[in-house]
Amino acid sequence: MRKLLWITVFQLGVVLLGAAPAMADETVLLRAGWLHTGDGAAIEGGCVLVRNGKIAAVGRDLALPEGARLIEAEEGAITAGLIDAASRAGVGPGAGEQSSEFVPRLLVADEVDLTSPDFQSLMRCGVTTVYVSTDSSSVVGGRGAVVRTGSSRGKATLVSSQGALGATMSADAYMRGAFNQSPFGAPTATARRPTTRMGLVWAWRKGFYDAMALRDGVTPPSGNPVVRSDEDLRVLIDVMAGKIPLRVMARTRDDILRVVRLSEELGFTFVLEEALEVYRCLDVIQSKEIPVIFGPLLDETMGTRLPQESDRLCLRTPSMLKDKGVLFALTARELGGESALPFQACFAMRYGLSFEAALAAVTSAPARILGIDKRVGRVEQGMDADLVVWSGPPFRPTTRAIAVLVEGVIVHSEAEGDGS
Amino acid sequence: MPRLARSLHAVRLRHVLFAGILALGIPGGSLLAGAILGREALAQPGRPPVLAIRGARVHTLTGPPLEGATVLVRRGEIVAVGTDVQIPRGSSILEAEGMELTPGLIDAWSGSLVGDGAPQDRGATSDARAADAVDPFLADEIQELLQGGITTLHVDYGYPSGFGCRGAVVRLVKGSAGSDFLRVPEASLTSSLGVSTAQPLLRLGELKGLRSDLIAARKYKESWEEYDEALEEYMEKIEERKKKDEAEDKKEGQTTDPGKPGDDKPGDAPEKDKPEDEPKGERRRRPHASHVEDPVVGEEDLQRPRRRPRPEAPPPEETTEEPKSDKKTEGDLDKPIRPRKDPRLELIVQLLEGKMPLRVEAHRAEDVLNAIALAKEHKLRLQLVGCSEGYRIAKDIAERHVPVILGPTLESILPRRDALRFHRPGTAARLHEAGATVVLGTSSHVAGGSRFLRANAALAVSHGLDRDAALRAITVEAARVLGLDDRLGTIEKGKDADLVLFRGDPLDPRAAVEVVIVGGEVVYRKEEAGR
Amino acid sequence: MRPRSTIRTERSWALRMTVSCVALALVCGSEVRAQDKPVAIRARKLFLGTGDPVENGLVLMRDGKILAAGANVSVPADMDVLDREVVAPGFVDVMTRLGAYDSVLETARPLVPEARAALAIDLDHTDFRFALRSGVTTAGVVPWNRTVAAGRTAVIKTGSLSGRARMVREMGPHLLTTGTPAHSWRIGPNSSSGLMELLRERLASASKNGLADADLRRVARGEETVLLDCEGAELQAVLRLVSATGLDAGLLGVEDPTRSLRELVAAGRPVVLGPFELGARGRDLRAAAHLSAAGIDVAFTSAAPARSPEALRLSAALCIAQGMSEDAAFRALTTIPARLLGVADRVGTIERGRDADLVVWSGHPLDLSSRLEEVWIEGQRVFLAGDRQDASRRGLSSSRSGMGAREGRR
Amino acid sequence: MTKLVCLAVVLASCLTFTGAAAALQGEPGKLVVKAGTIVTLGGDEIRNGAVVVENGRIVAVGTDVEIPYDATVLEFPDKVLFPGMVNCHDWGGLDRPNESIPVAPFLDVADALDPSSVDFEEDLRQGVTTVGVSQGHDCIIGGMGRAVRPLGLTPPEMTVKQETGLKISVAARRRSNRMIQMSQLRQAFHDLDEYTGQVAEKKYEDDLKKKDKKIEVGPDEAREKGKALLRADDLDDKHRNLYRLTTGAIGSFVYAEKAMDVKVAIDLARERGFFDRMTLVVGSECFKAAATLKEAGRPVILTELVHREQDPWTGEIEETFVPGVLAREGVRFALLPEGGSLGARYLWYQAARCVRNGVTRQTALESITLVPAEALGLRDRVGSIEVGKDANLVVLSGDPLDSLTWVEKVFIEGRLAYDKDKDIRLLELLEGLTRDEIEEGGEAMESPEDGASGATPEVDPETDGGKDDGGTEGDGSDGGFLSGERRHAG
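Residue numbers (the numbering used here), protein chains in the order written: chain A, 1 to 420; chain B, 1 to 531; chain C, 1 to 410; chain D, 1 to 490.
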């Protein structure tokens, strides 16, 4: 029986832990100048009724039920809570796992500091759910975690520790860690198994082919210096069977196309992360229907913050993705403060994205990519009440979140925005 | 204790009421007095209001504790102490029955309130002042210090080899941004022997450095004294010549200009020159601002620093020697050579003159003895800091009447710092037995440790120090070491009203600090702090 | 600087050491049983460790055990009764490295559960005397937390009539580590998630009755108390691991418990805090008070010899000042650490049948200004304040001059 | 069409920057800028008004102003005209912000200014027309600052005002601490005293000698009397600026990192006589000393907008929005761009943040125009659209504080200095093209199998066509534009 504890039961996508935490029974009515439901509709003077942590009603003229709390923003707007699908909040800049290039059973959740002020500040600017992505310094680097930034207890809560498997197709996997992490002075390139892109791709292939062999009942050839145990390979089997989603961090066009080729060869589907140069291979992405989590947006005209791999920027990438009809989300990754998710949307709009598309890129699209779109990402009756009330038009530099609800609990509100 | 709470509440309310009056500039000392002044007192403006603390066991530290005594405070001063003190009508009364009242605790060796000082960059090599590093905006830390019953601390910033920084005495008065906060900006000069290094040769070097600095300072002082003498002579000569010239002038008659020759002329000159001093005219001459006029900078210019020769302005070093040749032409008048001002040596001169005490952190017995010998040689006011091995040479220290400021008795038994490895928790007791003045501090090496000064004293007691001596070591003896024993350290008439009310034994850190009064003003109250 | 590894993990070496150690214990044992005359101590205030102190209580001991203790104990009329001020049980310090500072560090492999601190302790080390004189009579000597499973703690009595410390339990609790100290780039995972993954895997395989990891089997099944060092790890992640695996873990190295108080309470595992010294943060002291008020077992440790063993008593006093109840603070120095070390049936309280480990104080044991006057271990007085010849002082002067001589001073 | 446009753009970019510079030196004609909205900041907003510029100065502003017959008239009926923004404390254009010599009042930023720095290009793109270049904070007494326009080939050409102020820091330098900082600062002034004393004494004696008089006072008195004779030119380069500072001849920018530094800085300035022309450059904690700042009455330059502090009891981070506090207290503050990858790098965005956090719009707008102008001593020349001021005008596509607004044209002293339609760099960034690709005209085929870099990129013809309307408008084609050449400058 105890053994069961050790077996990680995994369902499709990300499982929201069933039992919702004890939530306030409070009934809340939100009313604002505009209500953006997330499926293209904008209701003027829209209201949202929240009860038992769920959205009970959405409409134009909802009456204030007895004893309900009213939050009103005449000039403002209501949207669904924002979702960052590839954040690095709550994880220090510290070590990616270096003992192996291939650690598919690692859990990012073990590294996430739920008490980190990152979550607090994200929550205050309207982000209600984040997916914490894996570090990019391993070839295959473990499973991400879903975190809600607020709760009735005032802190971030872990929703799932069994997120997608993160993998890297970038020089990070053989450069970054090696030069940052050695506690014994001068690192050597030999400390990392792949030291070139050739080796990197080999590590991918080796892992997947060994997994295939295991799946087909063949003992994988020994002497694989990358894979630690069969358990690791079983994760890849699940990936190939579509039971575990795969995230691939790739920046340059070449790397992106390389993953596309591998996916055809090895038979997996994946979500693309970071994707700096995705604008150079949009047609492939479009035809293969690969979801993209783009970001963070770099508008450094001097290009100083660009990763070494690429010196090419395209600020209009989000709107190009939109034009091609690619399912894409925006992410701020490790950035917070004035570069956090709502401001990514703000600047995506500055660089050509429409408001509806920007809203979708930070709410419904990431929800779909994370497989939680049945519960969050839109303002719709029956969905979780993750809502943001903005002081003005959303995603403008002069607009702030005046109230944030997570599962019906008001986790942030400003006194002047409080009615009733 | 609801009664206490109520009366305190009253104090607070009135404080708010009269905050405006305070702002109008009632002298700092009477702040609390102003605050608690009731309507009665307003009616009779001549009499400043009184705060009465009633019923506490009062550790006056001038004698045995007084049971159930009353302390009256007016204008920030203690005006009466005793069991039979009449409380004037209209006083604010602080009921303190069952509590113990002591003078505000004084940490004579603290590293608190210096905010951003990372230990590794502590230790200054120049004439640094700890006062510059004391951050009065550390509200949370101040609150914690008050919670520990601390009202005054000697803050320093580490003890480097050689003459280091000047320690500052901080008094935690209300409104820390005010000027009263730094009670004594320059209270002592710090130094150390055998702390920064354990190498015997380097340690000798430290001692040698101190000694040669002292000798240099002595010479410096002498050279200035000589200069002053010579100057006096010179001035006399000038006077003589002036009289002679005037006499000659009179003889020659009123043909030359009638004004006094020396005085006015130079005065006139600047007014003529002033217009030229305007930025515009001046800018033209400056090389830096000259891009507009000569945008092309010659190669020559690039190669050597841009400095135009200035015959008028002598380089600073030369002036001291030049006058000789110059003044020779003047005839009989030899202007004395002014020695160079050296702020660092002037500081050490203050030590030699006994205006400032020298604090030496030393732990090993031989370092301590060296410090004592050095102080004897140069007649310095020495204070020993640290003194971990003091138990071995307690007699020598006592004989020389050198006060000892001991650090935490809780240093590690494994040598975290080499200097401390022979540290014994019983040092305080042994020194006290031998008759030395013992003061307990918390050490500037333990950032933020001051609030547990009481714990430190209690541990000294548990290792044999007399209870009374332990309390004295963090109040009156500490005040004496800081040179503030005329104002602080005991509860007696005429002293500053820095008081702490404990619910229980003052030396037991488990006993809470209920009220802290500094300068007659309540600065901390347990139920208000809420923490 | 990394201390040199000195535990040999090769089986043969371990075997040799075990044999020699057993021999050592036999030798010690013969000395222990020297006394069989009963001794009685009457205390003005007797802290039994089971509740409120007893006024004018009496402790009767014989053969190193307590025969009776309490207010209503009668003794034979002809027996000498020692009158003392305050008598309390000796303190128990969970996590020390007394007598074995750098010889309990093993980094040969990511997991060395077979290592035993007991094999590396110098029972004659002066460290024990310092501990003794701070009122600590029982101490756990814990291996360094540099590997995921670092081996077994040893439980030591800090003194005896001969001045030597004495082994009580060689097979004390295991130490597991999930925190930053165990990050090692060469021999194993270098991230918290990597460590936890490794630990999870090994516990899983250990619970499956495999031959490998047999050392950890009982731990993995939650049948044995284990010390879990989570210094630098994400506390909430560690707590999730603990609940998921059902480990019976005492948590060491908990950093900033304030931020995860609720989760700590929910996990319900004992927490070892401290040492709190003069630089301690108020919120950490407050957290100790909160945890104990919420019913969590809190134990204090001094981490001697890196810190003074006196920090134990100081920790308790400072936490009381921040609102911890005196009773909880007292238990945090006695019964709770005793239970964590698996010796609750022998030490921690003054009760019939327990070891006669007593400390005589001049006042309340948690009043910092109280003086320690006598220490009794297993019915024998091993320390008497002011007695220059007492056992605990023996060797001090010689070791001191030894240090001086080595340094070439004087 | 697309090709043609791109070609035109490229040709324009091949001209060197001298084009713009030449235009700057030539005699400017008369110019009238009409706009749908004019945010003057000196007075009310004007609807459908016009600004008349003559010789680089504004001569008339209003709805019914007389349009000179010989003026070039530019009409922007649906645009917003805004005064050029002022970035008053920046080390853009310097290769390194700090000199390792801690006390260096003899330095001048002009000697290190790189006119072709990308920073200036970026300033123009964001509507900044005046930049106060200064040394960084890591100094004790730093060099002399200078106000420049982000346009020109040489520092003199760029200069708006020399000697805006000497940089001083009362906060600790890196790897140092406050005690050492203050001690060295005191030492610097002590050395100045000693040196000026000696020079003054000598000057006095020489003066007497010249007049053939004999000395009749002692050395101390001679120093005092000599000080009255002393002129800045009598001192050497090393001390001159510091001396001029103490006589009030030049201003200063004093960096105060923490609240405790504020009083120290003000006391120092009062004691040494440079208070009246001092500007405090403050860190985020200084809001705690808001009352002191208010009392001082000098403008304050804010380096960070948000202060974060940990509550020692809960461990939680408390955030304070600093401009909000200062605005409530009535302290005049100027904003600076902050680091980071998105908005905080722009002045207009910083002002928008202020509005987001409750500061009034007027205060926020002034904090990027008038107040920084005052801090540079240029309040009578820049910072608002008022008669008599420099014609530094920014044509915006919308509200100045909205992220969807773009800077379309920038006029500096009446001359077109920036035109978005000719901003090749912006085109590169927006579309992700390289110069070569723009040259080739943006036809591309995607070739997934071709991994070699430098392959023809894929560009969506539609998106590329979006740039079509550029260039054809073409007013002021002699104006400045941005050259991609400067991409790797500095």
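All C-beta atoms, glycine included, are put in the ideal place defined by N, C-alpha and C.
Rounded straight-line distance, which links the Cα of residue j to that of residue i
{"i": "residue 376 of chain B", "j": "residue 404 of chain B", "result": "16 Å"}
{"i": "residue 231 of chain C", "j": "residue 458 of chain B", "result": "31 Å"}
{"i": "residue 268 of chain B", "j": "residue 212 of chain D", "result": "For residue 268 of chain B, the predicted model reports a pLDDT of 43, less than 50, meaning its position is unreliable and no value from the coordinates is stated."}
{"i": "residue 467 of chain B", "j": "residue 473 of chain B", "result": "10 Å"}
{"i": "residue 99 of chain A", "j": "residue 66 of chain C", "result": "53 Å"}
{"i": "residue 198 of chain D", "j": "residue 339 of chain A", "result": "56 Å"}
{"i": "residue 367 of chain B", "j": "residue 285 of chain D", "result": "43 Å"}
{"i": "residue 557 of chain D", "j": "residue 302 of chain D", "result": "In the structure displayed, chain D extends from 1 to 490; residue 557 of chain D sits before or after that span and is not available."}
{"i": "residue 131 of chain C", "j": "residue 124 of chain C", "result": "13 Å"}
{"i": "residue 153 of chain C", "j": "residue 166 of chain C", "result": "14 Å"}
{"i": "residue 223 of chain C", "j": "residue 248 of chain C", "result": "7 Å"}
Residue i at chain F interface by Cβ criterion, 8 Å
{"i": "residue 458 of chain B", "result": "The structure shown contains no chain F; the protein chains it does contain are A, B, C and D."}
Bridge partner(s) assigned by DSSP for residue i
{"i": "residue 100 of chain B", "result": "B:57 and B:502"}
{"i": "residue 418 of chain D", "result": "D:410"}
Indicate whether the contact test is met: 3 or more Cβ pairs, each with one atom in the stretch 102-119 of chain C and one in the stretch 279-298 of chain C, closer than 8 Å. no
Contact between the stretch 245-254 of chain D and the stretch 271-284 of chain D is defined here as three or more beta-carbon pairs at a separation below 8 Å; is this criterion met? yes
Restricting to runs no shorter than 4 residues, where is the alpha helix (DSSP H) found entirely within the stretch 343-404 of chain D? The stretch 343-404 of chain D contains these whole alpha helix (DSSP H) runs: 347-356, 361-366 and 370-375.
Taking a cut of 7 Å between CB atoms, which residues from the stretch 152-164 of chain A lie near chain C? Going along the stretch 152-164 of chain A in chain order, one finds 153 with a Cβ nearer than 7 Å to chain C.
Quick check for students: name the residue ranges of the alpha helix (DSSP H) that lie wholly in the stretch 484-522 of chain B, counting only runs of 4 or more. none
Anything in the stretch 94-116 of chain A with a Cβ closer than 8 Å to a Cβ of chain C? List those residues in chain order, please. 94, 95, 96, 97, 98, 99, 103, 105, 106, 107, 108, 109, 110, 111, 112, 113, 114 and 115
What beta strand (DSSP E) runs, 3 residues minimum, are completely inside the stretch 139-170 of chain D? DSSP runs (the beta strand (DSSP E)) wholly in the stretch 139-170 of chain D: 141-144, 146-148, 159-161 and 166-169.
Report the residues of the stretch 152-176 of chain B with a CB closer than 7 Å to any CB of chain D, ordered along the chain. Against chain D - using a Cβ distance shorter than 7 Å - the residues of the stretch 152-176 of chain B are 157 and 165.
Give a yes or no on contact between the stretch 354-363 of chain A and the stretch 46-53 of chain A, applying the rule of three or more CB pairs nearer than 8 Å. no
Counting beta carbon pairs with one atom in the stretch 262-277 of chain D and one in the stretch 238-248 of chain D, are three or more of them shorter than 8 Å? Look at the beta carbons and you see the stretch 238-248 of chain D touching the stretch 262-277 of chain D: at least three pairs across the two are nearer than 8 Å.
Quick one: which unbroken beta strand (DSSP E) runs of 3-plus residues sit fully inside the stretch 122-184 of chain A? Chain order, please. 127-132, 140-143, 145-148, 157-160 and 165-168
Give, in chain order, every residue of the stretch 237-248 of chain B whose Cβ lies closer than 9 Å to some Cβ of chain D. 238, 239, 241, 242 and 245
Where are the beta strand (DSSP E) runs, 3 residues long or more, that stay fully inside the stretch 43-70 of chain A, in chain order? 47-51 and 54-59
Considering only residues of the stretch 151-238 of chain C, which uninterrupted beta strand (DSSP E) runs meet the minimum length of 3 residues and lie entirely inside it, listed in chain order? 154-157, 166-169, 174-177 and 225-229
Under 8 Å, with one C-beta from each stretch per pair, do the stretch 381-395 of chain D and the stretch 74-91 of chain D reach the 3-pair mark? yes
Residues of the stretch 300-334 of chain C with a CB closer than 8 Å to any CB of chain B: list them in chain order, please. 304, 305, 306, 307, 308, 309, 310, 311, 314, 317, 318, 320, 321 and 326
Evaluate the contact criterion for the stretch 69-78 of chain D versus the stretch 31-38 of chain D: three or more CB pairs, one atom per stretch, below 8 Å. Taking one beta carbon from each stretch, the stretch 69-78 of chain D and the stretch 31-38 of chain D have 3 or more pairs nearer than 8 Å; the two touch.
Would you call the stretch 62-74 of chain A and the stretch 104-114 of chain A touching, i.e. three or more CB-CB distances under 8 Å? In the pairwise beta carbon analysis, the stretch 62-74 of chain A is classified as not touching the stretch 104-114 of chain A: fewer than three pairs are separated by under 8 Å.
Output needed in chain order: residues of the stretch 209-238 of chain C with a Cβ under 9 Å from some Cβ in chain A. 220, 221, 222, 233, 234, 235, 236, 237 and 238
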